[in-house]
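The structure under discussion appears below in the form of structure tokens.
Residue numbers (the UniProt record's numbering): 1 to 361.
Below you can see the structure in the form of structure tokens.
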């Protein structure tokens, strides 16, 4: 028998740390067990492309970003894009995945991913595959866990960017707008905005009012503060408006790609305040680099807990970080809903208490 590992969805710091923890724990507890890593997410399971993994293969992985197995966010086996006579069609190839798992004698599949990858894992579990999910997303938007690894590293990157933007904003008396990731959940914008001293934070959960945002900048200008820092999540939008879509990717199960709200905000603020504005889009910089100490530790704890869960005979669950402890929840609960920023959360109350505007008042 063998165990399988794959990383799905967008990359982030900490994926390699989980792979390392899984492999080292498995070889400590079951030295004869074969460990197989499927390449490029679920595509590797569809095409039966994999590599064997031993402790030699994970040496030096703890501080390394990305994933040595590769990943993809376009290869849902239940809706797999195939070109037929020049026309893109979506086919269910999940039986092929199951067949390849059987060919490799996979007893359990460890799936490391966000809500999309874990939803696929859940569907596979309903077809008899034994799976254990490990939550990963820089957006921190899985409701069944307090934190996902990758989030803290993304916040570090965004906060560092704000620190650097502050100096040029103050020197040139400009409005500096930083666009960060966050399609539906504004956790990165909220945490980095607080940590980086933003004056305005715009998140998807609170549709903003243009007049309120302009009023905040003008108030600072009247107080002699001729620069401002604005953090905006890519999914933020004004009252009565819509999210800004940069492009569509037809072969993706979620084809709309967001992006561009930062420039929209910068242009509007220039017109209403008379101050020059500049926008910086962090984009995939938030996914890159090595993991923070917090993410390295959380990823390691998740990997060890996932193996122990399997050894205890539990399947179709997701490891989770709740109340300071690593535990498990049913996989169906792990993907049940997104964790959005509560509009009355203590973090938002704290931010407003020190004068940060969310464009809602």
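Even for Gly, the Cβ is constructed at its ideal location relative to N, Cα and C.
Sub-9 Å separation of residue i and residue j beta-carbons
i, j, result
"residue 18", "residue 273", "no"
"residue 73", "residue 41", "yes"
"residue 229", "residue 265", "no"
"residue 236", "residue 243", "yes"
"residue 144", "residue 334", "yes"
"residue 12", "residue 161", "no"
"residue 347", "residue 147", "no"
"residue 295", "residue 149", "yes"
"residue 81", "residue 94", "no"
"residue 91", "residue 103", "no"
"residue 176", "residue 279", "yes"
"residue 136", "residue 14", "yes"
"residue 181", "residue 283", "yes"
"residue 309", "residue 132", "yes"
"residue 167", "residue 174", "no"
"residue 55", "residue 24", "yes"
"residue 220", "residue 65", "no"
"residue 245", "residue 260", "yes"
Beta-carbon proximity list for residue i, same chain, < 6 Å, skipping 5 on both sides
i, result
"residue 63", "290"
"residue 186", "203, 204, 205, 233 and 341"
"residue 281", "179 and 262"
"residue 255", "248 and 249"
"residue 75", "41, 42 and 43"
"residue 170", "227"
Contact belief for residue i with residue j at Cβ below 8 Å, rounded distance in angstroms
i, j, result
"residue 45", "residue 6", "6 Å"
"residue 319", "residue 138", "That pair is no contact at about 18 Å."
"residue 307", "residue 29", "7 Å"
"residue 189", "residue 249", "The pair is not a contact, with the Cβ atoms about 23 Å apart (cut-off 8 Å)."
"residue 358", "residue 151", "Going by Cβ atoms, the distance from residue 358 to residue 151 rounds to 20 Å, so no, they are not a contact pair."
"residue 336", "residue 141", "About 12 Å; that fails the 8 Å criterion."
"residue 303", "residue 39", "No, residue 303 and residue 39 are not in contact; Cβ-Cβ is about 19 Å, not under 8 Å."
"residue 285", "residue 183", "Their Cβ separation, rounded to whole angstroms, is 17 Å, which puts residue 285 and residue 183 out of contact at 8 Å."
"residue 118", "residue 322", "The Cβ separation is near 16 Å, so there is no contact."
"residue 84", "residue 315", "Going by Cβ atoms, the distance from residue 84 to residue 315 rounds to 36 Å, so no, they are not a contact pair."
Segment limits, alpha helix (DSSP H) that includes residue i
i, result
"residue 348", "346–353"
"residue 98", "94–103"
"residue 285", "Run containing residue 285: none; DSSP gives neither H nor E here."
"residue 2", "Note, residue 2: premise wrong, no alpha helix (DSSP H); beta strand (DSSP E) at 2–7."
"residue 211", "210–222"
"residue 236", "Counting along the chain, residue 236 falls outside any alpha helix (DSSP H), and DSSP gives it neither H nor E."
"residue 30", "Neither: residue 30 is in no alpha helix (DSSP H) and is coded neither H nor E."
Chain-order list of residues whose beta-carbon lies under 8 Å from that of residue i (same chain, five-residue window excluded)
i, result
"residue 98", "124, 127, 128 and 129"
"residue 34", "1, 2, 3, 52 and 105"
"residue 356", "193, 194, 198, 199, 200 and 201"
"residue 172", "227 and 276"
"residue 61", "16, 17, 19, 20 and 68"
"residue 101", "4, 45, 109 and 129"
"residue 49", "38, 39, 40 and 43"
"residue 27", "33, 35, 54 and 55"
Limits of the beta strand (DSSP E) - the one that residue i falls within
i, result
"residue 273", "It is not in any beta strand (DSSP E) - residue 273 instead sits in the alpha helix (DSSP H) that spans 261–273."
"residue 247", "245–248"
"residue 256", "256–258"
"residue 233", "228–233"
"residue 106", "106–113"
"residue 201", "200–202"
"residue 363", "Because the chain spans 1 through 361 in this model, residue 363 falls outside it and cannot be assessed."
Beta-carbon proximity list for residue i, same chain, < 7 Å, skipping 5 on both sides
i, result
"residue 361", "212"
"residue 156", "292"
"residue 214", "269, 272 and 273"
"residue 159", "192, 195 and 196"
"residue 327", "320"
"residue 58", "19, 20, 23 and 24"
"residue 122", "331, 332 and 335"
"residue 354", "none"
Continuous alpha helix (DSSP H) assignments of at least 4 residues falling wholly in the segment 169–196: Counting only runs of 4 or more residues that sit fully inside the segment 169–196, the alpha helix (DSSP H) segments are 187–195, in chain order.
Contiguous beta strand (DSSP E) assignments of at least 3 residues, all confined to the segment 291–348: 317–322 and 325–330
Length-filtered (3 minimum) beta strand (DSSP E) runs lying within the segment 123–177: 131–135
Minimum length 3: unbroken beta strand (DSSP E) runs contained in the segment 38–91: List check, beta strand (DSSP E) in window: 50–52, 80–84 and 87–91.
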